[in-house]
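Numbering (the numbering used here), first residue to last: 19 to 348.
Cβ coordinates follow ideal geometry from the N, Cα and C atoms, glycine included.
Note that this is a predicted model, so its numbers are computed, not measured.
The structure is reproduced here in structure tokens:
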């Protein structure tokens with residue numbers, strides 16, 4: 019069983035890291051650029067990936083290939099944690115997934131971000147800060163088992179909701195130009211492939227024998243530290259190997275394309291990134307997930323908590339962008 023988790027987790031993580039590097043995909047940049055430079059390129063890639071993954075995951079469920087449970091609606095944790103996470107991304111200069119992938123590109127600053135993210139996630143989920151996370155996540159609305167979904171709140175069949183949401187997006191994607199970037203993949207290619215990898219992650223998690231959930235960063239990051247500090251193999255779930263595989267895939271992509279280079283920021287910037295990583299880890303645990311666990315995977319099952327968390331991740335990113343970029347420029 020452990021061998022299956024190893025191969026499936028590393029395999030999906032490797033693919034994920036490869037796509038992140040070649041697509042220059044960062045959800046912090048996607049959210050930030052809407053406000054900072056009025057550019058929707060990466061945001062369209064994100065929406066396209068979300069569309070592909072959501073449709074495939076629900077198709078897999080209809081075919082009996084997997085099952086999934088929707089988390090309860092802990093609204094306060096989603097609001098507070100999402101906003102904190104968004105601020106942390108702004109300081110770190112990247113989201114949780116892109117930070118892992120940039121480690122594979124030789125960026126020392128993001129290695130520090132990842133280390134701080136791991137420490138903070140572990141401390142908030144099972145350390146001295148866990149009472150705070152438990153308190154904030156205890157404020158919830160009881161909707162019944164697997165009922166805290168967007169479709170349930172709106173009283174719509176999930177497939178009808180997906181048609182109403184995604185058909186206009188597909189038309190928008192089709193009409194949008196996808197100019198070849200100077201380096202890496204165009205946004206349409208990135209979005210489609212990332213969506214398939216995200217859907218594959220759901221299947222891989224079910225094949226590994228772990229609970230059915232797709233790409234995630236926060237829980238596995240904390241579990242990685244728990245395993246390294248006490249050696250308990252129970253922490254080695256599929257997700258731990260997935261996050262380990264991300265920088266490996268990004269490293270191979272960078273090396274093949276002659277883009278790997280050791281780079282270190284100035285000391286002040288390094289301290290900012292370290293602080294950003296700490297804030298991200300705390301916010302992600304409180305919100306029940308990071309930009310991947312909530313904004314991609316959680317929204318893929320129409321989770322109401324993930325929708326609220328994503329909105330406040332974006333709000334936190336925009337507030338951080340204003341404080342650290344726009345206000346200074348003005």
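Inter-residue Cα distance where the pair is residue i and residue j
{"i": "residue 123", "j": "residue 319", "result": "32 Å"}
{"i": "residue 121", "j": "residue 208", "result": "20 Å"}
{"i": "residue 141", "j": "residue 164", "result": "28 Å"}
{"i": "residue 159", "j": "residue 48", "result": "31 Å"}
{"i": "residue 175", "j": "residue 32", "result": "35 Å"}
{"i": "residue 343", "j": "residue 78", "result": "43 Å"}
{"i": "residue 334", "j": "residue 101", "result": "4 Å"}
{"i": "residue 310", "j": "residue 192", "result": "25 Å"}
{"i": "residue 251", "j": "residue 167", "result": "34 Å"}
{"i": "residue 232", "j": "residue 35", "result": "15 Å"}
{"i": "residue 324", "j": "residue 180", "result": "16 Å"}
{"i": "residue 264", "j": "residue 119", "result": "6 Å"}
{"i": "residue 183", "j": "residue 76", "result": "14 Å"}
{"i": "residue 151", "j": "residue 303", "result": "7 Å"}
{"i": "residue 51", "j": "residue 169", "result": "29 Å"}
{"i": "residue 346", "j": "residue 161", "result": "44 Å"}
{"i": "residue 194", "j": "residue 147", "result": "45 Å"}
{"i": "residue 272", "j": "residue 278", "result": "5 Å"}
{"i": "residue 20", "j": "residue 254", "result": "8 Å"}
{"i": "residue 116", "j": "residue 268", "result": "10 Å"}
{"i": "residue 156", "j": "residue 295", "result": "25 Å"}
{"i": "residue 211", "j": "residue 332", "result": "23 Å"}
{"i": "residue 307", "j": "residue 249", "result": "24 Å"}
{"i": "residue 336", "j": "residue 177", "result": "32 Å"}
{"i": "residue 114", "j": "residue 274", "result": "24 Å"}
{"i": "residue 276", "j": "residue 190", "result": "34 Å"}
{"i": "residue 61", "j": "residue 53", "result": "11 Å"}
{"i": "residue 63", "j": "residue 286", "result": "32 Å"}
{"i": "residue 341", "j": "residue 45", "result": "19 Å"}
{"i": "residue 221", "j": "residue 37", "result": "18 Å"}
Residue-level contact to chain B via CB, residue i, 8 Å cutoff
{"i": "residue 133", "result": "Absence of chain B from the displayed structure is noted, only one protein chain being present."}
Continuous alpha helix (DSSP H) stretch holding residue i: start and end
{"i": "residue 225", "result": "205-225"}
{"i": "residue 297", "result": "285-305"}
{"i": "residue 147", "result": "Premise fails: residue 147 is in no alpha helix (DSSP H) and is neither H nor E."}
{"i": "residue 339", "result": "322-339"}
{"i": "residue 312", "result": "Where residue 312 is concerned, there is no enclosing alpha helix (DSSP H), given that its DSSP letter is neither H nor E."}
{"i": "residue 177", "result": "176-193"}
{"i": "residue 81", "result": "Premise fails: residue 81 is in no alpha helix (DSSP H) and is neither H nor E."}
{"i": "residue 54", "result": "45-54"}
{"i": "residue 230", "result": "Counting along the chain, residue 230 falls outside any alpha helix (DSSP H), and DSSP gives it neither H nor E."}
{"i": "residue 108", "result": "93-110"}
{"i": "residue 261", "result": "256-274"}
{"i": "residue 36", "result": "20-41"}
{"i": "residue 121", "result": "114-121"}
{"i": "residue 196", "result": "Segment: none, residue 196 is in no alpha helix (DSSP H) and carries neither H nor E."}
{"i": "residue 172", "result": "168-172"}
Own chain residues within Cβ distance below 7 Å of residue i, not counting five before or after
{"i": "residue 171", "result": "322"}
{"i": "residue 239", "result": "135, 136, 139 and 261"}
{"i": "residue 196", "result": "204, 205 and 206"}
{"i": "residue 3", "result": "What the structure shows of the chain is the stretch from 19 to 348, and residue 3 is not part of that stretch, so it cannot be assessed."}
{"i": "residue 237", "result": "257"}
{"i": "residue 353", "result": "Nothing about residue 353 can be read from this structure; the chain reaches only from 19 to 348."}
{"i": "residue 87", "result": "164"}
{"i": "residue 125", "result": "281"}
{"i": "residue 18", "result": "Because the chain here runs from 19 to 348, residue 18 falls outside it and cannot be looked at."}
{"i": "residue 234", "result": "257, 307, 310, 311 and 315"}
{"i": "residue 40", "result": "202, 203 and 271"}
Beta-carbon proximity list for residue i, same chain, < 6 Å, skipping 5 on both sides
{"i": "residue 226", "result": "22, 23, 26 and 256"}
{"i": "residue 313", "result": "328"}
{"i": "residue 42", "result": "202"}
{"i": "residue 338", "result": "105 and 108"}
{"i": "residue 301", "result": "99, 102, 103 and 106"}
{"i": "residue 299", "result": "135, 138 and 139"}
{"i": "residue 144", "result": "none"}
{"i": "residue 74", "result": "217"}
{"i": "residue 59", "result": "205"}
{"i": "residue 266", "result": "32"}
Cβ shell of residue i (< 8 Å), same chain only, five flanking positions each side left out
{"i": "residue 187", "result": "65, 66 and 69"}
{"i": "residue 317", "result": "68, 72, 324, 325 and 328"}
{"i": "residue 244", "result": "140, 144, 250 and 253"}
{"i": "residue 55", "result": "none"}
Residue i CB to nearest heavy atom of the ligand PLP below 7 Å
{"i": "residue 51", "result": "Questions concerning the ligand PLP fall outside what the structure shown contains, since it holds no ligand whatsoever."}
At a cut of 8 Å, does the stretch 210-222 reach the stretch 65-80 through at least three beta carbon pairs?
yes
Are at least three pairs of beta-carbons, each pair with one atom in the stretch 278-296 and one in the stretch 108-117, less than 8 Å apart?
yes
Between the stretch 268-282 and the stretch 90-100, can you find at least three pairs of beta-carbon atoms closer than 8 Å?
no
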